[in-house]
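Read in order, the letters of the sequence shown correspond to residues 0 to 229 in numbering that gives the first Met the number 0. Heads up, the beta-carbon is just placed ideally off N, CA and C, and yes, glycines get one too. The model shown is predicted, which means the values in this text are computed figures rather than measured ones.
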Amino acid sequence: MKTSAGTNIDVKICGLRTAEAVQRALDLGATHVGFIFFGKSPRNIDPADAAELAELARGRAKVVAVTVNADNDDLDEIVALLRPDMLQLHGSESPERVLTVKAMYGLPIIKAFSVREAGDLARIDAYVGIADRFLFDAKPPAGSDLPGGNGVSFDWTLMHALDGGVDYMLSGGLNKDNVGEAIAMTRAAGIDVSSGVESAPGVKDITRMEEFFEAVRRATDRASAAGSTM
Ligand SMILES: O=C(O)c1ccccc1N[C@@H]1O[C@H](COP(=O)(O)O)[C@@H](O)[C@H]1O
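In structure tokens:
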């Protein structure tokens, strides 16, 4: 998303399920639109339905298929129908599995990692040069069925320990009230939100999306006024 100050930050709106929400996300400046293929999620969508929605985004934003430890049959169906620009692997996929999936479809991979403490970041080492982008999300709360989309944040100061060259998106409990602080604190190249722009699980709220983008715009403008190279 290009801000009024001319800076760039990627904004991914995840878990879209209606044409209205996709259209509004695009109009507001989403750079990535995410579709969730995980049966336990309230945002789960049938690949054929997602494919229809993806046509609205084609050429305007990157279409991202979000999967969790998906097998080849499921991935084949999702990729064939959706024709995503990127795959987000949000489970416990090994580096070898990421390499295999990347080779199978020739698509860039966003590999998600759940973070609670500093040691969790070391897990990315094995994926450097394999995953195209990292995504840091909070660890799910105890008892949750979902590896993501839980609306919980983690300690963003942990990101300060990352090598400056690591290209990553930040997610986990972002909303209009905290996204500015998250951007200022981490200088993430992209942010990703799902439940923080919903009125109920799986139901995107247009006003909340507008407020979210406005908060991102304010934060990036502040960062650019302060001389950040964001
Ligand atoms: O959103 C989901 O339901 C979901 C399900 C399974 C894997 C990932 C999922 N979403 C991802 O979770 C994070 C953060 O979500 P939230 O903003 O805290 O609700 C985000 O990266 C989504 O892509």
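- When distances are taken from the beta-carbon of Gly-150 to the heavy atoms of ligand 1, the shortest one is below 7 Å.
- Separation of Gly-58 and Leu-25 (C-alpha to C-alpha, rounded to the nearest whole angstrom) is 11 Å.
- Annotation for Phe-112: Asp-119, Leu-120, Arg-122, Ile-123, Phe-133, Leu-134, Phe-135 and Asp-136 place their beta carbon closer than 8 Å to its own, counting only its chain and skipping 5 residues before and after.
- Under the three-state reduction of DSSP output, His-31 falls in the strand class.
- Within the segment 30 to 81, the alpha helix (DSSP H) runs of at least 4 residues that lie entirely inside it are, in chain order, 46 to 56 and 71 to 81.
- For Lys-101, the enclosing alpha helix (DSSP H) stretches over residues 94 to 104.
- Rounded to whole angstroms, the Cβ separation of Pro-41 and Pro-200 is 4 Å, and the two are in contact under 8 Å.
- A Cβ-Cβ distance of about 7 Å is found for the pair Leu-81 and Phe-34, placing them in contact under the 8 Å criterion.
- If you ignore the 5 residues before and after Ala-183, its C-beta comes within less than 8 Å of the C-beta of Ala-218, Arg-221 and Ala-222, all in its own chain and listed in chain order.
- Relative to ligand 1, the beta carbon of Gly-195 is positioned inside 7 Å of a heavy atom.
- The Cβ atoms of Arg-23 and Met-208 sit closer than 8 Å to each other.
- The beta carbons of Glu-197 and Asp-204 sit closer together than 8 Å.
- Within the same chain, Ala-18, Val-21, Gln-22 and Leu-25 come within 8 Å of Leu-55 by CB-CB distance, once the 5 residues on both sides are set aside.
- Residue Lys-110 holds the alpha-carbon nearest to the alpha-carbon of Ser-91 among Val-178, Thr-30, Lys-110 and Leu-173.
- Taking a C-beta distance under 8 Å as the contact criterion, Gly-195 and Leu-173 qualify as a contact pair.
- Sorting Pro-83, Arg-216, Gln-87 and His-31 by C-alpha distance to the C-alpha of Glu-51 places Pro-83 at the top.
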